[in-house]
Each structure stands twice: as C-alpha cells, then as structure tokens.
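Note sheet for the following structure.
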Ligand code: HSE
C-alpha cells in the first residue's frame with residue numbers, strides 16, 4: 035500500500051470538511067490502496083505537526099474548543115518548504131484581487147515537488163497559466179475540481195469521463211448565492227435584501243457578498259473552465275460580467291407570467307466568456323432552483339450532457355477534494 039503524506043493548509047469550513055471526510059473514508063482509502071497520513075495542518079492562528087500522521091479527530095475537536103488547530107507557530111509556507119510530504123491540500127480563504135497566500139502556497143508546493151489539490155479559486159482565476167506551467171515543470175499533479183461548482187463534478191467529468199470529445203460550449207449556473215436569491219425572490223415574493231441575508235446565514239455567500247451578487251464569483255469559476263477546458267489564457271477580468279443587483283421583483287413577475295425564470299447564466303465557448311442574467315424557460319434543464327449549480331456541456335460526440343449539484347458547503351466541497359486525491363493516487 036502506498037503511503038501518501040499530506041498537509042492541509044487552511045483549516046476553516048472546507049479544511050475541516052476535508053479532515054472529516056478523510057476520517058469517514060479512512061477504511062475505504064486503505065481498501066483502494068491509499069494510506070493517507072496528514073502530517074501537518076495549518077490555520078491562521080497556529081499549526082499541528084506530526085510526521086507519523088495527525089489524529090484528525092483530536093485536531094477537529096481542538097479547533098472547535100480552542101479556535102485553532104494547534105500551538106505550533108510554523109506557517110503554511112514553512113510547512114510546504116521544510117517538511118517532506120507528497121500532497122498539499124490548499125483550502126485557505128480565497129483572494130481574487132491578488133491570489134493571496136493561496137497563490138504563494140501553490141507555487142511553493144510545485145517548487146518543492148508536491149502535488150496540489152485545492153478548492154481555492156482566486157489563484158486560478160488570476161494565474162492559471164503560471165500555476166499550470168509550474169506544476170508541469172516540477173512534474174507535480176495539480177487538481178482543482180472543488181474550485182468550480184463545489185460537489186458538481188464538472189472539470190473531471192469533461193477531462194476524464196468525456197475525454198476525446200470536443201467541447202463546444204459550457205453554459206450554466208455557477209453561483210449558489212445568486213440562484214438562491216433569485217429563486218426565493220420569485221417563489222416567495224421576498225425582498226432582495228432579505229434573501230441575501232438568508233444566503234449569508236446559510237453560509238454559502240462569500241465573505242464579501244458583493245462578489246456573489248455582482249457576478250464576480252461566477253466569473254472566476256467560468257474563467258477556470260475557460261482556461262482548463264478551452265485552453266484559453268484569461269483572467270476573470272476578461273469576462274463580460276453583469277450581476278443580479280438590478281433585477282427587480284417586477285421583472286421576475288413579468289418573466290414568470292411569460293413562463294420563464296431569470297437566472298444568472300455563465301457561458302463559455304470560442305471567443306466568448308460571459309456572465310449575465312438570462313430568461314430561462316420553466317422546465318428547461320438550466321432552470322434549477324435554490325442553491326443548486328448546474329452546467330450543460332455541449333460536445334461533438336456525446337451531444338449535450340447536463341449535471342447539477344451542490345455548489346457550496348463544507349462536506350460537498352471536501353467531496354470534490356477527496357475525488358481529486360483518489361484520482362491522483364489510486365493505482
Ligand atoms: N459564494 C459561492 C456561491 C460559494 O454562492 O456559489 C461557492 O463557491
């Protein structure tokens with residue numbers, strides 16, 4: 035059995051979700067030949083290091099009671115540079131202005147020959163080409179299914195399951211907060227402000243929800259697809275973006291009277307990367323409600339394949355991270 039030594043850098047909702055699913059799936063991982071040991075966990079207040087493998091239950095309970103994972107003062111970058119391990123799981127909070135610490139962590143991991151699995155979309159929405167090149171040069175594997183659509187398996191679906199198909203376009207909903215707001219405004223005739231507050235309470239909105247409602251979060255995810263699937267070299271600033279802030283209750287009612295819903299639709303195809311509200315007919319595959327994400331992938335061989343799933347959430351995002359880990363190390 036292969037022993038994989040991993041670090042978890044960032045121990046908020048997603049990092050803790052990863053620890054929980056690794057505990058829950060420990061026997062399954064062993065059954066498929068993966069002995070995964072977490073040798074370092076770092077959060078913003080401290081770190082826990084055990085080169086024999088951290089007790090993940092104890093780490094989770096320390097985080098709950100003390101508000102930090104451990105007393106060690108080592109930073110994520112120091113762990114990545116100085117402690118020997120195979121895989122860096124990067125789950126620090128995203129920064130879409132500069133790429134933030136996540137970008138530094140990923141580049142350092144590649145420089146040190148470590149594989150990277152991440153849910154952190156900011157660095158990829160800004161510096162995809164640089165990261166992909168760094169991973170190629172170091173011979174490390176770079177997987178980022180969790181950056182787009184949470185548990186909805188869009189990237190691996192296209193690159194693995196639909197391998198060989200030409201991808202003509204991808205169209206869908208990639209922001210759960212906007213979908214929640216629009217769905218509830220229509221169904222409950224509720225106000226925009228009230229629904230935004232509810233989305234924040236559900237824990238799905240970004241720390242600054244402007245990124246959700248202005249369409250920027252959706253643009254970041256779309257640009258990751260544009261780069262990873264269509265081979266573009268774009269940043270989220272290249273996306274034509276209109277958010278949902280100007281959609282009035284009256285326009286939603288008018289749409290409903292005509293048999294439509296209004297959705298914040300992301301579209302990528304040759305020469306087009308766009309996020310904008312669109313009328314979608316009731317019953318159309320993209321007319322999913324609540325916090326769901328959805329994507330229709332138009333291909334040359336398989337026709338159109340549509341998937342839907344939960345685009346946010348700690349365990350849901352950890353599910354995508356786990357599947358990336360398994361696909362790297364399963365023999
Ligand atoms: N704020 C994001 C959303 C979270 O609402 O979809 C998942 O990336």
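Residue numbers (our numbering): 35 to 365.
Ideal Cβ placement from N, Cα and C applies to all residues, glycine included.
Buried or exposed by the 16-neighbour rule on C-beta atoms within 10 Å, applied to residue i
i: residue 92; result: exposed
i: residue 50; result: buried
i: residue 211; result: buried
i: residue 195; result: exposed
i: residue 35; result: exposed
i: residue 125; result: buried
i: residue 272; result: exposed
i: residue 177; result: buried
i: residue 217; result: buried
i: residue 188; result: buried
i: residue 336; result: exposed
i: residue 155; result: buried
i: residue 324; result: exposed
i: residue 202; result: exposed
Which residues DSSP lists as bridging residue i, in chain order
i: residue 311; result: 298
i: residue 332; result: 203 and 338
i: residue 82; result: 75
i: residue 180; result: DSSP, once it has assigned bridges, lists no residue as partnering residue 180.
i: residue 122; result: 41 and 150
i: residue 106; result: 81
Residue j beta carbon less than 8 Å from that of residue i
i: residue 343; j: residue 326; result: yes
i: residue 298; j: residue 309; result: yes
i: residue 311; j: residue 287; result: no
i: residue 205; j: residue 300; result: yes
i: residue 133; j: residue 157; result: yes
i: residue 172; j: residue 119; result: no
i: residue 334; j: residue 146; result: no
i: residue 246; j: residue 253; result: no
i: residue 67; j: residue 365; result: yes
i: residue 179; j: residue 354; result: yes
i: residue 81; j: residue 52; result: no
Cα-Cα separation between residue i and residue j, rounded to whole angstroms
i: residue 129; j: residue 139; result: 13 Å
i: residue 90; j: residue 72; result: 8 Å
i: residue 332; j: residue 209; result: 20 Å
i: residue 160; j: residue 270; result: 7 Å
i: residue 152; j: residue 123; result: 6 Å
i: residue 174; j: residue 263; result: 19 Å
i: residue 162; j: residue 88; result: 32 Å
i: residue 360; j: residue 350; result: 16 Å
i: residue 233; j: residue 275; result: 21 Å
i: residue 341; j: residue 185; result: 11 Å
i: residue 121; j: residue 306; result: 35 Å
i: residue 367; j: residue 190; result: Residue numbering for the chain in the displayed model covers 35 to 365; residue 367 lies beyond these limits and cannot be assessed.
i: residue 58; j: residue 84; result: 20 Å
i: residue 237; j: residue 46; result: 12 Å
i: residue 285; j: residue 249; result: 18 Å
i: residue 291; j: residue 97; result: 50 Å
i: residue 316; j: residue 294; result: 5 Å
i: residue 338; j: residue 207; result: 16 Å
i: residue 78; j: residue 107; result: 10 Å
i: residue 362; j: residue 282; result: 46 Å
Three-way DSSP call (helix, strand, coil) for residue i in this model
i: residue 54; result: helix
i: residue 97; result: helix
i: residue 258; result: helix
i: residue 275; result: strand
i: residue 144; result: helix
i: residue 343; result: strand
i: residue 305; result: coil
i: residue 70; result: strand
i: residue 327; result: strand
i: residue 112; result: helix
i: residue 36; result: strand
i: residue 289; result: helix
i: residue 358; result: helix
i: residue 136; result: helix
i: residue 195; result: helix
i: residue 219; result: helix
i: residue 209; result: coil
i: residue 174; result: coil
i: residue 163; result: helix
i: residue 131; result: coil
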